[in-house]
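K.L.:
Encoded as structure tokens, here's the structure I'll be asking about.
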Amino acid sequence: MNLHPPSTHRLFDLRWVWLSIVILGLMLTTAACKRDNRHVQDSGIGFTLQRLTPEVSMGKDASSLQPLTSATPSPVSRGMVITTNDTGEGVLRGALASNETCTIHIFFDTSLRVSACSRAMQHGGATVTCQEEGTAVYQGCVANLQQTPSGMVQIVGSWVVISYQPEMELTLVSVLEGEAQVRAVIDPETAQVSETWKTIPAGHMWYTTPGETSLQIGDLPPREALSLNELPTIVEAAKLTPWYDRVRDEAIEEGVAPEDWQTPIEIQGGGGPLTDPAIGRAVMMSIDWEDILGRISLFPGPAPVSLPDLPGRTTADFPYNPDRAQALLKTAGAAGPIGFYVVMEDGAYMRAASRLEAFLAKVDIFVGIIPIDPEHATAVIEDVLGKGAGVIWIGPTLNLDIPALTEEIDPIPSPSPAVQGGGGPLEDPFVGRAVLTAIDWRALQLILKIEDPIPITFPGLENVTSDDFPYDPVYARQILGESGADGHFPIILVVQENEPFLKAADAVRTYLTEIGVKTAIYPTKPTAAPDILTTYVSNGQAVFWLGPAIHADWHETVSTEAPPIQISLSPQSQESGALTSLEEVFPNEWRVGDTHKDATVQMILSFDITDLPMQAQIIEAWLDLSEVKTMGQPFTKLGCLRAYLSPSKGFSIEAFAWEPELGAVARWCSEEDLLANEVQDDIVETLQQSLGTKRYRLRLQFNEGYTNYDQTADLLIFREPHLHVIYTLP
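Under this note's numbering, the sequence shown has 753 at position 130, and the numbering climbs by one with no breaks.
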């Protein structure tokens, strides 16, 4: 089992959504268990507890909890209480009487006890763990009896997830490998439980609440073995989404999410406005597919996509970006609202219908949802297409006869397109980079019906392609501002005079208008283009050629200088992390502020800069703190966050600053400042001065108040900071 939280694009792609529930205490007993007629005997073999993230505590009872200050495993005595807060995760390991290893991964906001539950909660038999809140994964804990206030679980298999939601008194058991046997608690006060054990096989779940009749969620019967494909309904109703996001990540990393448990999903369609690939792409980018697919399937992977002129794609090729979707719609000339039908298989798929409608409505796309079973879906879709309307099917793969999906794409005649430019403001490589970054090149490739990147030659930007300039109009405007160009200058767009290139030129004009650059389109033949371009450049006019590649002699000022180089540096392991005024040292932990114990937390970041050449001229540099989770109100209570050069040569408590200082190289006074990722001039200057040394060290702290003594945590918690540097070489 991987004991480290996964890195992607989900938690911090962990997803930064945390459920704030009152933290009770988690109590466990170091016990090995031997199953004999449902009775578990305590063999006295011990467990150890290892924290995976901070904020894991252990004690004899709730009043004696102490946080674990080290990642080193600690022995767990019988009857100990273990708690995690909304960022804490830990893992328990112990050997059972059968010599098998039991591993229990405890997620955030969870509480356990190792041994029998308190007398008031006992419902029969000795238990190894009593789970009073939250979610934990039990791996290899064969023959262990686990208990919650509303359920009893006999572990038989090796990957079992148990959740208890105290507000609903709901116990949820999910079996990913092996099996589990469960009993429901009928009456907690009299310790009455259901008469028989029920077996829950792999790929199934079970839920219950107290009472002769359990609370029912939707149309899913309680106290029955249900397919894990129905799990999203239970998770959403019980507000367990943050925990099961982590469970999903962990299960995928452990390889316990077989494909046959995944709901089959494919997106197919065409007709009406969807015959235009730019609109089809806009539709796909208007939708957060991770959200949609997560409501349909327990372990959703990227779903195949079949839309006109978008062959061989999956939902992963369309990251959620409604702003870019709207720009694509403008490019396609889709003025005003557009609409089409979405046909979805009834059942699990319909859980996502309202969310799908909401995503599309944000970009003025309105859809009619038609729920239907796959057997009759083809006839309905063909009927819609026959009326000239657009349609998208979301469900298992269908054999749809949509001509636009199968017809061959007429390629652009040889030679392939190229982009060449220069003159006027475009002689500045930064202005050229801004112009190229403002264009959605992938959309142009769709218009031109080409798959390969487009070669580009601009002054100072040789041997590059369209792939080197990902679409980012915000960054383009920022570059223009820093270069001194206000953006209000004209560009003559000289273009080959045929339909695909003229349509692409219209799209370029739309993109450049968004950053304040006016364009005039000049259609011509490639043979006449060099003379036209030369005339404009000699008059100091910015010019841009879109068509087959032409010889570069027309622009003798094209520079051979190397383009700027951008690198991103990560903090050095064991040289960076958090320090507290309690003289605690936490390597590789990224947090700053104060704790519920009124302890000040500062952060040390040490970057290896040996790869930056001595002769480098640093143009831009900034500390990226944009992946952040806020606890409490650090900016309101502690003032602005500041970064200082750290003179200490090591990562120890000596690097902690006990007194306020002057000379900050960067400051952030709100979460919006952190998300802005603006260039920090003092970091540029001090980093330039540090070239030739091995490390560039920063200390981050709230300088206007170490703590406000309110016994409340006011913290910024980061995924992992990065130092971004852009430099040139002579």
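All C-beta atoms in this analysis are idealised placements derived from N, C-alpha and C, irrespective of residue type, glycine included.
1) So, do the stretch 1318-1335 and the stretch 1224-1240 have three or more beta carbon pairs nearer to each other than 8 angstroms?
2) Considering only residues of the same chain and omitting the five flanking positions on each side of residue 600, which have a CB-CB separation below 7 angstroms?
3) Taking DSSP as the reference, what is the three-state secondary structure of residue 632?
4) Under a Cβ-count criterion, where at least 16 other Cβ atoms within 10 Å of its own Cβ denotes burial, should residue 1254 be classed as buried or exposed?
5) Mind checking which residues open and close the beta strand (DSSP E) that includes residue 871?
6) Is DSSP giving residue 854 helix, strand or coil here?
7) Could you name the residues of the same chain whose beta carbon sits closer than 7 angstroms to that of residue 1278, not counting the 5 residues immediately before and after it, in chain order?
8) If we ignore side chains and look at the alpha-carbon of each, how far apart do residue 843 and residue 1244 end up?
9) Where does residue 1053 fall in DSSP's three states?
10) At 4 residues or longer, and completely inside the stretch 1170-1258: list those alpha helix (DSSP H) runs for me, N to C.
11) Please tell me whether residue 813 and residue 787 are closer than 8 angstroms, where the distance is taken between their beta carbons.
12) Quick one: grab the DSSP three-state call for residue 1064.
13) If residue 1135 sits next to residue 1114, beta carbons under 8 angstroms apart, how far is it from one beta carbon to the other, in whole angstroms?
14) Rounded to a whole number of angstroms, what is the C-alpha to C-alpha distance between residue 1089 and residue 947?
15) Would you kindly report the start and end of the unbroken beta strand (DSSP E) that includes residue 1015?
16) List the residues that DSSP assigns as beta-bridge partners of residue 810.
17) Which whole runs of the beta strand (DSSP E) in the stretch 1109-1169 are 3 residues long or more, in chain order?
18) Expressed to the nearest angstrom, what Euclidean distance is found between the alpha-carbon atoms of residue 668 and residue 1300?
19) For residue 895, name the three-state secondary structure that DSSP assigns.
20) Please state whether DSSP places residue 758 in a helix, a strand or coil.
21) For a quick check, are the C-beta atoms of residue 678 and residue 711 less than 8 angstroms apart?
22) So residue 902 packs on residue 979, CB below 8 angstroms; how close in whole Å?
23) What's the gap between the Cα of residue 1008 and the Cα of residue 1170?
24) At what residue ranges does the stretch 676-723 contain a whole run of the alpha helix (DSSP H), taking only runs of 4 or more?
25) What is the DSSP secondary structure of residue 1285, reduced to helix, strand or coil?
26) To the nearest angstrom, how far is the alpha carbon of residue 913 from that of residue 926?
27) Would you call residue 781 buried or exposed, if buried means 16 or more other Cβ atoms sit within 10 Å of its Cβ?
28) Of the residues 1062, 1262, 797 and 1079, which one's Cα is nearest the Cα of residue 1043?
29) Whole angstroms are fine: how far does the CA of residue 1010 sit from the CA of residue 968?
30) If contacts are defined as beta-carbon pairs under 8 angstroms, then residue 696 and residue 671 qualify, I think. What distance do you get, rounded to the angstrom?
31) How long is the line joining the alpha carbons of residue 1350 and residue 1317, rounded to whole angstroms?
32) Within 10 Å of its beta-carbon, does residue 1352 have 16 or more other beta-carbons around it, so buried, or fewer, so exposed?
33) To the nearest whole angstrom, what separates the beta carbons of residue 1054 and residue 1103, a pair I think is in contact under 8 angstroms?
34) Strictly by DSSP, which residues pair up with residue 1388?
35) Taking only three categories from DSSP, how would you classify residue 904?
36) With distances taken between CB atoms, is the gap from residue 1290 to residue 1265 smaller than 8 angstroms?
P.N.:
By the coordinates alone:
1) yes
2) With the chain represented from 624 up to 1353, any question about residue 600 goes unanswered, as that position is not in the structure.
3) Note that residue 632 has pLDDT 31, beneath the 50 cutoff, so the model's placement of it is unreliable and the number below is only indicative. The answer is coil: DSSP assigns residue 632 none of H, G, I, E or B.
4) buried
5) Counting along the chain, residue 871 falls outside any beta strand (DSSP E), though it belongs to the alpha helix (DSSP H) covering 864-877.
6) helix
7) 1202, 1227, 1269, 1271 and 1322
8) 54 angstroms
9) helix
10) none
11) no
12) helix
13) 7 angstroms
14) 17 angstroms
15) 1014-1018
16) 815
17) 1113-1119 and 1141-1147
18) Any reading at residue 668 must be qualified, since the residue scores a pLDDT of 46, below 50, and its modelled position is unreliable; the value itself is stated next. Distance between the alpha carbons of residue 668 and residue 1300 is about 52 angstroms.
19) helix
20) strand
21) yes
22) No, residue 902 and residue 979 are not in contact; Cβ-Cβ is about 16 angstroms, not under 8 angstroms.
23) 36 angstroms
24) none
25) coil
26) 10 angstroms
27) buried
28) 1079
29) 21 angstroms
30) 4 angstroms
31) 17 angstroms
32) exposed
33) 7 angstroms
34) Nothing can be reported for residue 1388: it is not among the residues displayed for the chain, which extend from 624 to 1353.
35) helix
36) yes
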